[in-house]
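Engineer:
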Amino acid sequence: MELKTSPPAFYRWTVLVFISLAMFGNYYIYDSIAPIADLLKSQLSYSDENIGLLYTSYSIAAIVVLLIGGYLIDRFGTKLSTLAFGILCFVAAVITAVSSDFNVMIVGRLILGLGAEPLIVAVTTALAKWFKGKELSFAFGLNLTIARLGSFAADNSPTWASGSYFNWQDPLFLAIIISITCVIGAVGYFLLERTAEKKYILGEKGEVDKLDFKNMFKFNKSFWYIVALCITFYSAIFPFRSFAIKFFIEAHGTTREMGGFLNSVLPFSAMIATPLFGLLADKIGKRALLMTFGSIMLLPVYLMMAYTDITLYIPIAMMGIAFSLIPAVMWPSVAYIVKENRLGTAYALMTLIQQIGLAGMNWLIGSANDFAGASASNPDGYNLGLWIFSTLGFFGLFFAYMLRRTELGPQGHGLENKKMK
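In this note's numbering, each number is its position in the sequence shown, counted from 1, plus 763.
1. Please tell me whether N789 and L899 are closer than 8 Å, where the distance is taken between their beta carbons.
2. Between the alpha carbons of K984 and A1109, how many angstroms are there, rounded?
3. Within a Cβ cutoff of 6 Å, which residues of the same chain sit near Y809, ignoring the five residues on either side of it in sequence?
4. CA-CA distance, Q1040 and A1137?
5. Express the C-alpha separation of S769 and I796 in angstroms, rounding to a whole number.
6. G1175 lies in the alpha helix (DSSP H); which residues open and close that run?
7. Does DSSP put T768 in a helix, a strand or coil?
8. When the Cβ atoms of the region 1090 to 1099 are set against those of the region 1040 to 1054, are three or more pairs found closer than 8 Å?
9. Mind checking who N1141 pairs with in its DSSP beta bridge?
10. Put Y963 into one of helix, strand or coil per three-state DSSP.
11. In angstroms with no decimal places, state the Cα-to-Cα distance between K973 and A889.
12. For T1169, which residues in the same chain have their Cβ closer than 6 Å to its Cβ, ignoring the five residues on either side in sequence?
13. My guess is that D762 and D794 are in contact by the Cβ rule of under 8 Å, so how many angstroms apart are they, rounded?
14. For I1059, collect the residues of the same chain with a Cβ closer than 8 Å to its Cβ; drop the 5 residues on either side in sequence, then sort them by chain order.
15. Quick one: what does DSSP say Y952 is sitting in, helix, strand or coil?
16. According to DSSP, is K968 part of a helix, a strand, or is it coil?
17. Three Cβ pairs or more, each shorter than 8 Å: is that satisfied between the region 1016 to 1029 and the region 1125 to 1137?
18. Kindly list the residues whose CB is nearer than 8 Å to the CB of P1142, restricted to its own chain and excluding five residues on each side of it in sequence; keep chain order.
19. Can you give, in chain order, each stretch of the alpha helix (DSSP H) that sits fully within the region 1074 to 1123 and has at least 4 residues?
20. For the region 814 to 823 and the region 1118 to 1129, state whether three or more C-beta atom pairs, one from each stretch, are separated by less than 8 Å.
21. Smallest Cα separation from A1085: which of A1051, T1074, I1100, A910?
22. Could you tell me if T1071 is buried or exposed, where buried requires 16 or more neighbouring beta carbons within 10 angstroms of its beta carbon?
23. Under three-state DSSP, which class holds G1016?
24. Taking the straight line between their C-alpha atoms, what separation do you get for R775 and A959?
25. Taking only the alpha-carbon atoms, compute the straight-line gap between R1105 and L816 and give it to the nearest angstrom.
26. Could you tell me the distance, in whole angstroms, from the CA atom of V946 to the CA atom of I874?
27. Can you tell me whether T845 is buried or exposed, with buried defined as 16 or more other CB within 10 angstroms of its CB?
28. Would you mind reading off the limits of the alpha helix (DSSP H) that contains Q806?
29. What is the DSSP secondary structure of K892, counted as helix, strand or coil?
30. CA-CA distance, L779 and M1034?
31. Can you name, in chain order, every residue of its own chain whose Cβ lies under 7 Å from the Cβ of S998, other than the five neighbours on each side?
32. Go ahead and label G969 buried or exposed: buried means 16 or more other beta carbons lie within 10 angstroms of its beta carbon, across all protein chains shown.
33. Would you call A772 buried or exposed, if buried means 16 or more other Cβ atoms sit within 10 Å of its Cβ?
34. From which residue to which residue does the alpha helix (DSSP H) around W923 run?
35. What separation, rounded to the nearest whole angstrom, lies between the Cα atoms of I792 and V828?
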């Protein structure tokens, strides 16, 4: 009987490419709304609150499904989960594009939330299984780099697919075509892992964690500080991106193409910085200290856009660098402070709470824009929302400080150390 060995590096990186391809399509679908936000307003009479609700509905669905999704990932494995959730993302893209009725579009975004967020959890869990102890932070960084190419492509679609932007619907039909990558990537990963199970030793499966709500929240302090940091950073970045292109057009007088390009600078900056920060965290540790640095960078960016004439590239690039720290530093850290048989549940819980923040913030910013009358004729109406975003940087500083204090104490897990076992 042939002894199984660990999968070779080439095989592991091939797995990374396929699961990242599924994430690419996922990210494109999510971000396909922002470039048409002003068209939804002008052609379908949607308000900013309506646009915010398209994102909020996604988050509400994610909140409902994530705990169950985490259990399913732990119970049935990453290959089946990734395939099922990838197919749901494709279905969501189709439903979102077929009708101008707001309720139908809401249903499409709800289904996207049911598929996309558990897909991210499944991919995150798969990365931990394939790369724990083997360049895990770097693998997380590369995965997010490929995934954010989806956001980059969506933001720049008014340029490379300019012929589609004469109406609100054609860009969403384009999103359907690109969403096929969710299925292709998931199928490829399914086949690779099924083959690997016969030939190689993969990460330890462990005993499947039960969906026990009494024990669901029994994680350590460091885990909860990481969750709080994720909520802070994601609530400051994603809802801004929801309205960013519209904001750039109406408050800074850019074209749709330039607004899309400026919005794409954020994921592009993160695409470059995430794997680099992953390598840095693998080498030096100091993960909480790195998050403190990110919080400091996030503090001034929104007020710079509101009250100064500085080129928009600078605050957007600063946001991109700060944002890249979460997947490069915080997400991999969870794999070291939570037992492997609870990883799916831990990542699902982490993402669920994050989505609660996103659901509230997308609605809040849309409502703030409507309340302040934000428009091309009243660009100062956006300042209220920008002040709301700015306050989140202070919370980030606090949670980064608490994480560092915990990790340097007797209850630490070595997150500030150079080497992680």
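The C-beta atom is built at its ideal place from N, Cα and C for all residues, glycine as well. Please read all numbers here as calculations on a predicted model, not as lab measurements.
Structural biologist: Based on what the coordinates show:
1. Residue numbering aside, residue 789 sits at position 26 when the sequence shown is read from its first letter. Residue numbering aside, residue 899 sits at position 136 when the sequence shown is read from its first letter. The Cβ-Cβ distance between N789 and L899 does not fall below 8 Å.
2. Translated into positions along the sequence shown, residue 984 becomes position 221. Translated into positions along the sequence shown, residue 1109 becomes position 346. Taking the straight line joining both Cα atoms gives about 13 Å.
3. For the purposes of this step, residue 809 is taken as the residue at position 46 of the sequence shown. Here the set comprises L803.
4. For the purposes of this step, residue 1040 is identified with residue 277 of the sequence shown, where counting begins at 1. For the purposes of this step, residue 1137 is identified with residue 374 of the sequence shown, where counting begins at 1. This sequence places Phe at residue 1040; Gln is not what is there. Rounded to the nearest angstrom, the gap between the Cα atoms of F1040 and A1137 is 36 Å.
5. Counting from one through the sequence shown, the residue named residue 796 turns up at place 33. Counting from one through the sequence shown, the residue named residue 769 turns up at place 6. Their backbone Cα atoms lie some 42 Å apart in a straight line.
6. Position 412 of the sequence shown, counted from the first residue, corresponds to residue 1175. No alpha helix (DSSP H) contains G1175, which DSSP labels as neither H nor E.
7. Within the sequence shown, residue 768 is the residue found at index 5, counting from 1. Strand at T768.
8. Short answer: they touch.
9. One-based indexing of the sequence shown puts residue 1141 at position 378. Looking at the DSSP assignment, N1141 forms a beta bridge with S1138.
10. Counting from 1 along the sequence shown, the entry for residue 963 is found at position 200. Shown here, Y963 sits in a strand according to DSSP, grouped into three states.
11. Walking along the sequence shown from the start, residue 973 turns up at place 210. Walking along the sequence shown from the start, residue 889 turns up at place 126. The predicted position of K973 is uncertain, since its pLDDT is 41 and thus under 50; a value taken from the coordinates is nonetheless stated next. Using only the alpha carbons, I get a separation of about 19 Å.
12. Taking the sequence shown and counting its residues from 1, one reaches residue 1169 at position 406. So the qualifying residues of the chain are K984, S985.
13. Outside the displayed range of the chain (764 to 1184) lies residue 762, so it cannot be described from this structure.
14. Here residue 1059 refers to the residue found at position 296 of the sequence shown. The beta carbon of I1059 sits closer than 8 Å to those of G1156, L1160, all from its chain and outside the five residues before and after it, given in chain order.
15. Against the sequence shown, residue 952 aligns to sequence position 189. Helix, per DSSP.
16. Residue numbering aside, residue 968 sits at position 205 when the sequence shown is read from its first letter. Low confidence applies to K968: its pLDDT is 42, below 50, so where it sits in the model is not reliable enough to give any reading.
17. Between the region 1016 to 1029 and the region 1125 to 1137 there are fewer than three C-beta pairs closer than 8 Å, too few to call the two in contact.
18. As a working note, residue 1142 is residue 379 in the sequence shown. The answer, listed in chain order, is E1013, A1014, H1015.
19. For the region 1074 to 1123, whole alpha helix (DSSP H) runs of length 4 or above, ordered along the chain, are 1076 to 1088, 1094 to 1100.
20. With a cut-off of 8 Å, the region 1118 to 1129 and the region 814 to 823 count as touching, because enough Cβ pairs lie within range.
21. On the sequence shown, residue 1085 is found 322 positions in, with the first residue counted as 1. From the listed residues A1051, T1074, I1100, A910, the smallest Cα separation to A1085 is found for A1051.
22. By one-based count along the sequence shown, residue 1071 stands at place 308. With fewer than 16 other Cβ atoms within 10 Å, it is exposed.
23. Within the sequence shown, numbered from 1, the residue matching residue 1016 stands at position 253. Residue state for G1016 is assigned as coil, using DSSP reduced to three classes.
24. Walking along the sequence shown from the start, residue 775 turns up at place 12. Walking along the sequence shown from the start, residue 959 turns up at place 196. Each residue's alpha carbon lies about 10 Å from the other.
25. Position 342 of the sequence shown, counted from the start, is the residue given in the question as residue 1105. Position 53 of the sequence shown, counted from the start, is the residue given in the question as residue 816. Their backbone Cα atoms lie some 32 Å apart in a straight line.
26. Taking the sequence shown and counting its residues from 1, the one referred to as residue 946 is at position 183. Taking the sequence shown and counting its residues from 1, the one referred to as residue 874 is at position 111. Straight through space, the alpha carbons of I874 and V946 are spaced by roughly 15 Å.
27. Indexing the sequence shown from 1 puts residue 845 at position 82. When all chains shown are included, T845 counts as buried.
28. Within the sequence shown, numbered from 1, the residue matching residue 806 stands at position 43. Unbroken alpha helix (DSSP H) run through Q806: 800 to 807.
29. As a working mapping, residue 892 is identified with position 129 in the sequence shown. Of the three classes helix, strand and coil, the one that applies to K892 here is helix, per DSSP.
30. For the purposes of this step, residue 779 is taken as residue 16 along the sequence shown, with counting starting at 1. For the purposes of this step, residue 1034 is taken as residue 271 along the sequence shown, with counting starting at 1. Our two residues, L779 and M1034, have alpha carbons roughly 15 Å apart in a direct line.
31. On the sequence shown, residue 998 is found 235 positions in, with the first residue counted as 1. Excluding sequence neighbours, S998 sits near G1120, L1121, M1124, L1155.
32. Working through the sequence shown from its first residue, we reach residue 969 at position 206. For G969, the pLDDT reaches just 36, beneath the cut-off of 50, and the residue's location in the model is therefore unreliable, although a value from the coordinates is still provided. By the 10 Å Cβ count, G969 comes out exposed.
33. Along the sequence shown, read from residue 1 onward, the residue named residue 772 stands at position 9. Residue environment analysis places A772 among the exposed positions, since fewer than 16 neighbouring C-beta atoms fall within 10 angstroms of its C-beta.
34. To locate residue 923, count along the sequence shown from 1; it is residue 160. Secondary structure note for W923: its alpha helix (DSSP H) is the uninterrupted segment 920 to 923.
35. For the purposes of this step, residue 792 is taken as residue 29 along the sequence shown, with counting starting at 1. For the purposes of this step, residue 828 is taken as residue 65 along the sequence shown, with counting starting at 1. For I792 and V828, the distance between alpha carbons rounds to 19 Å.
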